[in-house]
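Protein chains: 2
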Amino acid sequence: METKGRAMRADAERTVRTILEAAERVLAADSAATMEQIAAAAGVARTTVHRRFATREALVEALVAWATERFHQAVEAARPLTSPPLVALHQVTVNVLQVKIGWRFAMSRPAASGSEAAYEHADILAQCDELFRRARDAGLVASGTDLEWARRVYYALIHEAAEEGRELVDAGAVDRLAARVVDTLLHGVGAQAQPGPSGLSGSSGPSGPGAGGSAR
Amino acid sequence: METKGRAMRADAERTVRTILEAAERVLAADSAATMEQIAAAAGVARTTVHRRFATREALVEALVAWATERFHQAVEAARPLTSPPLVALHQVTVNVLQVKIGWRFAMSRPAASGSEAAYEHADILAQCDELFRRARDAGLVASGTDLEWARRVYYALIHEAAEEGRELVDAGAVDRLAARVVDTLLHGVGAQAQPGPSGLSGSSGPSGPGAGGSAR
DNA sequence: AGTAGATGCGACAGAAATGACGCAACTAAT
DNA sequence: ATTAGTTGCGTCATTTCTGTCGCATCTACT
Chain A
1 METKGRAMRA DAERTVRTIL EAAERVLAAD SAATMEQIAA AAGVARTTVH
51 RRFATREALV EALVAWATER FHQAVEAARP LTSPPLVALH QVTVNVLQVK
101 IGWRFAMSRP AASGSEAAYE HADILAQCDE LFRRARDAGL VASGTDLEWA
151 RRVYYALIHE AAEEGRELVD AGAVDRLAAR VVDTLLHGVG AQAQPGPSGL
201 SGSSGPSGPG AGGSAR
Chain B
1 METKGRAMRA DAERTVRTIL EAAERVLAAD SAATMEQIAA AAGVARTTVH
51 RRFATREALV EALVAWATER FHQAVEAARP LTSPPLVALH QVTVNVLQVK
101 IGWRFAMSRP AASGSEAAYE HADILAQCDE LFRRARDAGL VASGTDLEWA
151 RRVYYALIHE AAEEGRELVD AGAVDRLAAR VVDTLLHGVG AQAQPGPSGL
201 SGSSGPSGPG AGGSAR
């Protein structure tokens, strides 16, 4: 990826970064945006974009590769294979949320098969599965759970949280979002115990003891 | 929508249906498919598609409108406002899953603002919120839950289940998927009780009583 | 059977995006 | 200061999709 025949000049490297950042911004708002729009957002001429990225496809691929690298780092930094499952789950969620919020477009694209990014995604997936396996062995996840389903649910919850967190900026917000993701993943949104024998209470009136259990 | 100057001839009406069905199929596989591809899949000439739908946009809009109608019917048929919350939740999930599996493309698009479909979506959303409110009052959903988050999670789970159910065809499969969606929504994938005092068990070894509770 | 409507086919025009070039002006590195 | 690399601008060719039209043929309704 970085193995060019010769090192880039400093200004050229800056331009590449600027273009990629602009591409992420523009494409997040409209995934069908043209090279022209991306160039305008980057403050460069359209031909310059084409000089750096031969085709539109190449630009997107580079963008995905860049984001995937950060994604990978975010997961690894949480040490999902060694720290206690619950801690790892929370930390991974926090780190991934930050990346997903900042790289919405690039993270929503599948990596080209055979690419470096594809390998990284596969590696992340394997680490995720391993984490869930450990969580199950530790009694954190129910023993009868289909781990593939658990992973899918986890990914989906993170996606929702990231969507919700797009406008938030304060540091604590990501932590709160992550806490909710983990809590929902493990316990759902239901009350702890089911009130009636079959769980089928009346339609709307206050049937059971309304208090049930205030917090969770 | 159906108020044309004159009724369509029978064959023309068949053609419109055929085109819409083909469009759903083709666009589900590639949302950027051309009118040419859609026409080919429908077995008609490209010009015929343009005769029935002036622009590509109009075609997609009609497709969304058609699917949204079915979506709406699927929700209403489950009587989410009157049946017991848990029953309604399951029935809505089953019905919606069937529509989402068969109308993957159309259901993945937002309705044009101001359109009939947009009103239907809003109505469905209101019914969903009302259902969750009732579920909370009945003690099915924890009282402290953010209902908007609950709805988002619910939508996301249905989406995942629909994605998984794309290849399935046997009747019971949808019921099983729906059961898993509702179960996960309410209870998550975690074990019922947290083993340790803080939930932080050892990294991988069998720490707590592995049996915990065999099934759910 | 007769008529109005529907379709297939070929052709055409227009728009928009992509990608490539050459040249003049500028800038980083030596 | 020299040199090599970089950028902006204008231009051009090509491709692809869209949308329209006319005409011959066929088909549904009465």
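Top line first, the protein sequences correspond to chains A and B. According to the UniProt record's numbering, the residues represented by the first sequence are 1 to 216, in order. According to the UniProt record's numbering, the residues represented by the second sequence are 1 to 216, in order. Beta carbons are placed, not taken as given, at the ideal position from N, Cα and C, and that holds for glycine. Predicted model, so just to flag it, every value in this text is computed and none were measured.
Check, Outcome
"CA-to-CA distance, Ser113/B to Ala12/B, given in whole angstroms", "29 Å"
"Chain B residues whose Cβ lies nearer than 7 Å to that of Glu160/A", "Arg152, Val153 and Ala156"
"Bridge partner(s) assigned by DSSP for Gly190/B", "Val141/A"
"Gln37/A, DSSP secondary structure in three states", "helix"
"Unbroken stretches of the alpha helix (DSSP H), 4 residues or longer, contained in the segment 85 to 150 of chain A", "85 to 102, 104 to 107 and 116 to 137"
"Chain-order list of residues whose beta-carbon lies under 7 Å from that of Leu63/A (same chain, five-residue window excluded)", "Leu20, Ala23, Glu24 and Ala106"
"Short Cβ contact (7 Å threshold) for Arg79/B with Val99/B", "no"
"CB of Pro84/A within 7 Å of CB of Leu140/A, strictly", "no"
"Three-state secondary structure assigned by DSSP to Phe71/B", "helix"
"Option in Asp175/B, Thr93/B, Ala54/B and Leu59/B with minimal Cα separation from Gln73/B", "Thr93/B"
"With 16 other Cβ atoms within 10 Å as the buried cut-off, status of Val169/A", "exposed"
"Simplified DSSP state of Asp170/A, which is helix, strand or coil", "coil"
"Listed by chain order, chain A residues near His187/B by CB distance under 8 Å", "His187, Gly188 and Gly190"
"Cα-Cα separation, Trp103/B to Leu27/B", "10 Å"
"Bounding residues of the alpha helix (DSSP H) (the contiguous stretch that carries Asp30/B)", "No alpha helix (DSSP H) holds Asp30/B; DSSP gives it neither H nor E."
"Any C-beta of chain B under 7 Å from that of Val141/A", "yes"
"Proximity to Pro110/A [Cα-Cα], best of Leu177/A, Val44/A and Thr68/A", "Thr68/A"
"Which of helix, strand or coil DSSP assigns to Val16/A", "helix"
"Chain-ordered chain A contacts of residue 218/B [CB-CB under 7 Å]", "Outside the modelled stretch of chain B, which goes from 1 to 216, sits residue 218/B, for which no answer is possible."
"Contact list for Arg180/A against chain B, beta-carbon separation under 9 Å", "Asp146 and Trp149"
"Inter-residue spacing [alpha-carbon to alpha-carbon] between Cys128/A and Arg166/A", "24 Å"
"Contact set between Thr184/A and chain B, taken where Cβ atoms lie within less than 8 Å", "Trp149, Val153 and Gly188"
"Beta-carbon gap between Tyr154/A and Leu185/A smaller than 7 Å", "yes"
"Residue range of the alpha helix (DSSP H) that includes Arg79/A", "First-last for Arg79/A: undefined, no H or E at that position."
"Between the CA atoms of Gln37/A and Leu147/B - distance to the nearest angstrom", "39 Å"
"Of the listed residues Leu97/A, Asp137/A and Leu131/A, nearest to Val181/A (C-alpha basis)", "Leu97/A"
"Own chain partners of Gln194/B with C-beta closer than 7 Å, once the 5 adjacent residues on each side are dropped", "Summary for Gln194/B: the model assigns pLDDT 48, below 50, so the residue's position carries little reliability, and this model does not support an answer."
"Euclidean distance between Cα positions of Val16/A and Arg52/B", "46 Å"
"Rounded straight-line distance, which links the Cα of Trp66/A to that of Met8/A", "17 Å"
"Element boundaries [alpha helix (DSSP H), containing Arg6/B]", "Per DSSP, Arg6/B belongs to no alpha helix (DSSP H) and is neither H nor E."
"Secondary structure of Thr47/A, DSSP reduced to three states", "helix"
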